[in-house]
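First up is the structure itself, then whatever we jot down about it.
There are 2 protein chains.
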Amino acid sequence: MTSRIPPRSGTAFKLQKGQLLTVIDPEGEQVSDLVAFNAIDTAEYISSGRSIDYASRLFLTAGDILYSNRSNPMLAIVADEVGRHDFTLTPCSRDTFRIIYGDTEPHHGCQGNLERALAPHGIGPDEIPIAFNVFMHVSVDGDTGEIAVLPPKSKPGQKTTFRAEMDLVIGMTACSAGQSNNFRYKPIDYRIDAAP
Amino acid sequence: MTSRIPPRSGTAFKLQKGQLLTVIDPEGEQVSDLVAFNAIDTAEYISSGRSIDYASRLFLTAGDILYSNRSNPMLAIVADEVGRHDFTLTPCSRDTFRIIYGDTEPHHGCQGNLERALAPHGIGPDEIPIAFNVFMHVSVDGDTGEIAVLPPKSKPGQKTTFRAEMDLVIGMTACSAGQSNNFRYKPIDYRIDAAP
């Protein structure tokens, strides 16, 4: 069964060890900020810094592992039709819209959506880390370090599949930031399958 | 007065709003992992994801600001003789040495040194974020995302100065990882000056 995350919203759910989470971009060019916590001890969380260090690569794809801050595997990327995601930026927030977009009445963003979705799991605002930003296309200039947020490479229906390497709480959004999704705020779909 | 962090060790101290922290590489080619917390509420911490997003640049230098997870300015880089630092990797740890270096009796690394130094300030192991890795030289291939840890560009005596934008607890190390410092484990010096 496929579930839908409506535009500019978020959700959270348990994912058991071995289960497969498939993130689908139903209309194309949309981003989903994905965070993960150890379901037994939510002080253990997905860590971009550990994962990038162990992969020796900023851009992770099929075959790569998303590690926790305690260096334990949390999610393995087992299939990836898009091949480009970001793992350097925090979820967009009220402050993102204020600072980057100059909005005077800023949207609460993916940060606000994750806060709402994760609160019932006992996870507070300060515990939301740098997300694995599924389908987010951030270009990097290796000389200057300049980054630019470009439209995602995902075409309608394309998907990426993760396998849980421990029991997890997952937070996910349909991204609220215009730069991330070419200023068309679309939904995100996902599916959970039993271990094969 | 200049203080010295001996090779493969760490320290922590309070830095008052307006004070200047100068990090000095006395012998050249050494790295200092620097983390910062709001001294009043240590759940607020330095955030690479927010800082990189607001700068639109991976490599931060003089004129840039290191933001917190709550999007408040924590440190401003006010002078920088080296100009190349890393803000994507977590402090090296027992697991780093096991996974990347294949050590069978791994050193506790900067993570262990920061844990020991920050414990008296009530900051636990899981709260240590991605560090601002002063003088760390990580090359990035913009096409593939491949990263490589290269010898720092810092020459003996070169320094970088930060101004505290709020009252802070600072954790700092003389890095324990061979890749970071060209396999010569050297000290790091630092100096605290009153607001000019």
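Protein sequence lines correspond, in order, to chains H and F.
Every letter in the first sequence is one number past the one before it in the numbering used here, and letter 102, counting from 1, is 102.
Offset between the second sequence (1-based) and the numbering used here: plus 1000.
All C-beta atoms, glycine included, are put in the ideal place defined by N, C-alpha and C.
Predicted model, so just to flag it, every value in this text is computed and none were measured.
Can you give me, in chain order, the residues of the segment 1057 to 1075 of chain F that have a beta carbon less than 7 Å from any beta carbon in chain H?
-> Arg1057, Leu1058, Phe1059, Asn1069, Ser1071
Apart from the five residues on each side of it in sequence, which residues of its chain come closer than 7 Å, Cβ to Cβ, to Asp80 of chain H?
-> Thr61, Ala62, Thr160
Note down, in chain order, every chain H residue with its Cβ under 7 Å from the Cβ of Ser1047 of chain F.
-> Thr90
Residues of chain H with CB under 7 Å from Val1169 of chain F, in chain order?
-> By Cβ distance, chain H contributes nothing, its closest Cβ being about 15 Å from Val1169 of chain F, past 7 Å.
Tell whether a beta-carbon distance below 9 Å holds between Ser1068 of chain F and Thr96 of chain H.
-> no
Pair within 9 Å by beta-carbon distance, Thr42 of chain H and Ile123 of chain H | yes
If we ignore side chains and look at the alpha-carbon of each, how far apart do Pro200 of chain H and Ala117 of chain H end up?
-> Here chain H has residues from 1 to 196 only, and residue 200 of chain H is not among them.
From the DSSP output, in three-state form, read off Tyr202 of chain H for me.
-> Outside the modelled stretch of chain H, which goes from 1 to 196, sits residue 202 of chain H, for which no answer is possible.
With DSSP run on the structure shown, which of helix, strand or coil describes Ser1154 of chain F?
-> coil
In this structure, does DSSP put Glu1146 of chain F in helix, strand or coil?
-> strand
Are the beta-carbon atoms of Thr1173 of chain F and Ile1188 of chain F separated by less than 9 Å?
-> yes
Run down chain H in chain order and give the residues with a C-beta less than 7 Å from the C-beta of Ala1043 of chain F.
-> Asp126
Of the residues H:Asp141, H:Ala148, H:Pro129, H:Tyr190, the one placed nearest Gln158 of chain H, counting alpha carbons only | H:Tyr190
Candidates H:Pro120, H:Leu20, H:Val82, H:Cys92: closest to Pro26 of chain H by CA position | H:Val82
Would you mind sorting Ala1012 of chain F into buried or exposed? The rule is 16 or more other CB atoms within 10 Å of its CB.
-> buried
Burial state of Gln1030 of chain F (16 or more Cβ within 10 Å) | buried
Whole-angstrom distance between Met1 of chain H and Asp1086 of chain F, CA atom to CA atom | 43 Å
Taking DSSP as the reference, what is the three-state secondary structure of Gly178 of chain H?
-> helix
CA-CA distance, Ser93 of chain H and Ala1076 of chain F?
-> 22 Å
Does any CB atom of chain F fall closer than 9 Å to the CB of Gly145 of chain H?
-> yes
Looking at the unbroken alpha helix (DSSP H) that takes in Tyr54 of chain H, where does it start and where does it end?
-> 48 to 55
Could you have a look at Gly109 of chain H and say whether DSSP puts it in helix, strand or coil?
-> helix
If the cut is a Cβ gap below 7 Å, which residues of chain F does Arg50 of chain H touch?
-> Thr1090
Asp1064 of chain F to Ala1055 of chain F span [Cα, whole Å] | 7 Å
For Phe1132 of chain F, collect the residues of the same chain with a Cβ closer than 7 Å to its Cβ; drop the 5 residues on either side in sequence, then sort them by chain order.
-> Leu1034, Ile1046, Leu1066, His1085, Phe1087
Proximal residues of chain H, C-beta to C-beta of Thr1096 of chain F below 7 Å = Asp53
Three-way DSSP call (helix, strand, coil) for Leu20 of chain H in this model = strand
CA-to-CA distance, Gln179 of chain H to Ile1170 of chain F, given in whole angstroms | 34 Å
Quick one: measure Cβ to Cβ for Pro1120 of chain F and Gly1109 of chain F, integer angstroms, because I've assumed they're closer than 8 Å.
-> Not a contact, Cβ separation roughly 19 Å.
By how many angstroms is the C-alpha of Tyr1185 of chain F removed from the C-alpha of Ala1195 of chain F?
-> 32 Å
Any idea what DSSP makes of Ala76 of chain H, helix, strand or coil?
-> strand
Based on the DSSP output, what are the partners of Met172 of chain H in its beta bridges?
-> H:Thr11, H:Leu34
Using a Cβ-Cβ cut-off of 9 Å, state whether Pro1129 of chain F counts as contacting chain H.
-> yes
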